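Trainee: Before I ask anything, here is the structure I am working with.
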Amino acid sequence: MPAMFSPTVAHDWHFPRSTTGIGVLLAWARANGIDPAPLLVGTGLSPDDLEGAEGEVTADQELTVVRALLRRRPDEPPARLGAAIGASYHLGSFGVFGFAMLASPTLLHAVDLATRYIDLSFTFAMPRAELEGDAETGTVQVHVDGATLPPDVRPLLVARDARAIGTALRELLPGLPLELRLEPVEAPRRAVVSFPASNLARPLPQGNPQTAAACEQLCAELVERRRSRRGLAQQVRVLAAQEVTGGAPAGVVARRLGLSERTLRRRLAAEGTSYSELLDEVRSGLAVGLLATDLSLDEVALRLGYAEASSFIHAHRRWTGRTPRQAAEAD
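Numbering (full-length UniProt numbering), first residue to last: 1 to 331.
Listed below in structure tokens is the structure:
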């Protein structure tokens, strides 16, 4: 059994996230007497944008919802609020990433997989798993670090993410003895979730190596696309996808980023790309899924922001060298 886990792949919290993450926050709010609709103010999102698990949001959009929750519970300690929210997460919330962990043959495999695909989660306080001592008598410590988080949301997010990790571990292995320590308790900057290392070798109740391998392959395909861009280009891709039905004009995306269109284009050029290149990436990626449905070419074109099917057909030929019909016949 290895003494060390794979290093956490994501080193900061700025990665894109599934819309499900905001959906969980809104569901918790609704269940606790808070009207969820106002929580979306300032995100540029509507409830319809959160339908389906395939959509993505930026980290800043989710932080806007977190701040709105804090404003609606001004008298509740943020760490206590975060812990309550974290307890509402379950592995099914994380889509294929969660199912890959559930199907893992052992707890070690699940924890190691989580560190390799952590950017498929909703975490902000970045976790790091370490083995203290040996695998028989030692302790696994998951350090949840919020040092780089904005101070106004840090206590809530550290407590939320630590509690969510604990909740997920117990879902993987019911009855797992856990200790959760916030440092400091009232306004945590970090947390530690620990459990006896002897549990790492225990088989998981829902473990299925074949299912785990299939889910992990899907995780790898998903993160390959997400990790292909960083910085501003990554944010632009997410926001362009949210605006694509309306054509995703550069000016609209620039305003949502608080930039002028000229500044946006200049900063993208400095990153070695352009707005049109990123929009093509978004549209070509979405087209693959849309063309696999029963939608007509006209309907697919409209959903991708084209005024007519001929424009989409021309773009598809530019992306792939084939028209959509030729691609379908070849498959």
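The beta-carbon is built from N, C-alpha and C at its ideal position, and this holds for glycine as well. It should be emphasised that the depicted structure is a prediction, and the values quoted were computed from it without experimental measurement.
Apply the 10 Å Cβ neighbour rule to V288 and answer buried if 16 or more other Cβ atoms are within range, or exposed otherwise.
Mentor: exposed
Trainee: Measuring CA to CA, which of G95, G86, L257 and A248 is closest to E281?
Mentor: A248
Trainee: If you compare alpha carbons, which of P155, F122, R170 and A327 is closest to T20?
Mentor: F122
Trainee: Which one or two residues does DSSP pair with L114 in a beta bridge?
Mentor: Strictly speaking, residue 114 in this sequence is Ala, with Leu absent from that position. Beta-bridge analysis with DSSP links A114 to no other residue.
Trainee: Between which two residues does the alpha helix (DSSP H) harbouring P155 extend?
Mentor: For P155, the enclosing alpha helix (DSSP H) has its first and last residue at R154 to L172.
Trainee: How would you write the range of the alpha helix (DSSP H) that D298 sits in, first residue to last?
Mentor: L297 to R303
Trainee: Is Q206 helix, strand or coil when you go by DSSP?
Mentor: coil
Trainee: Are the segment 164–173 and the segment 192–212 touching, with three or more C-beta to C-beta distances below 8 Å?
Mentor: yes
Trainee: Could you check whether the segment 221–236 touches the segment 107–123, counting it as contact only if at least three pairs of C-beta atoms, one from each stretch, sit closer than 8 Å?
Mentor: Between the segment 221–236 and the segment 107–123, the count of C-beta pairs closer than 8 Å reaches three or more; the two stretches touch.
Trainee: Kindly indicate the opening and closing residues of the beta strand (DSSP E) around S284.
Mentor: Segment Y275 to L291 is the alpha helix (DSSP H) holding S284; no beta strand (DSSP E) there.
Trainee: Three-state secondary structure (DSSP) at V41?
Mentor: coil
Trainee: Around the Cβ of E56, are there at least 16 other Cβ atoms within 10 angstroms (buried) or fewer (exposed)?
Mentor: buried
Trainee: Taking 8 Å as the threshold (C-beta atoms), are V142 and residue 332 in contact?
Mentor: The first residue shown for the chain is 1 and the last is 331, placing residue 332 beyond what the model contains.
Trainee: Taking T167 as the reference, give the member of P209, G86, F97 and P188 with the closest Cα.
Mentor: G86
Trainee: How far does the alpha helix (DSSP H) with T64 in it extend, from its first residue to its last?
Mentor: Note, T64: alpha helix (DSSP H), A59 to R72.
Trainee: Less than 6 Å between C-beta atoms, sequence neighbours within five positions excluded: which residues of the same chain meet that for Y306?
Mentor: F312
Trainee: Is there at least one non-hydrogen atom of the ligand ADP closer than 7 Å to the beta-carbon of V144?
Mentor: You won't find the ligand ADP in this model; it holds no ligand whatsoever.
Trainee: Quick check: what's the CA-CA separation for M1 versus A79?
Mentor: Unreliable positioning characterises M1 in this predicted model, as indicated by a pLDDT of 39, which lies under 50. A coordinate reading is not provided.
Trainee: By alpha-carbon positions, which one of A301, P196 and A269 ends up nearest to D134?
Mentor: Closest option to D134, Cα to Cα, is P196.
Trainee: Taking A191 as part of the beta strand (DSSP E), name the residues at either end of that continuous run.
Mentor: R190 to P196
Trainee: What is the rounded straight-line gap between the Cα of residue 332 and the Cα of V9?
Mentor: No answer is possible for residue 332: the residues shown for the chain start at 1 and end at 331.
Trainee: Rounded to whole angstroms, what's the CA-CA distance from residue 332 to R229? Just pull it up for me.
Mentor: Any answer about residue 332 is impossible in this case: the structure gives the chain only from 1 up to 331.
Trainee: Taking the alpha helix (DSSP H) that P127 belongs to, which residues open and close that run?
Mentor: Looking at the DSSP string, P127 is not in any alpha helix (DSSP H); the run it does join, the beta strand (DSSP E), is M126 to E132.
Trainee: Count the other CB atoms, across all protein chains shown, that sit within 10 Å of the CB of R325; report buried if there are 16 or more and exposed otherwise.
Mentor: exposed
Trainee: Quick check: the segment 257–272 against the segment 294–306, are there 3 or more CB pairs under 8 Å?
Mentor: no
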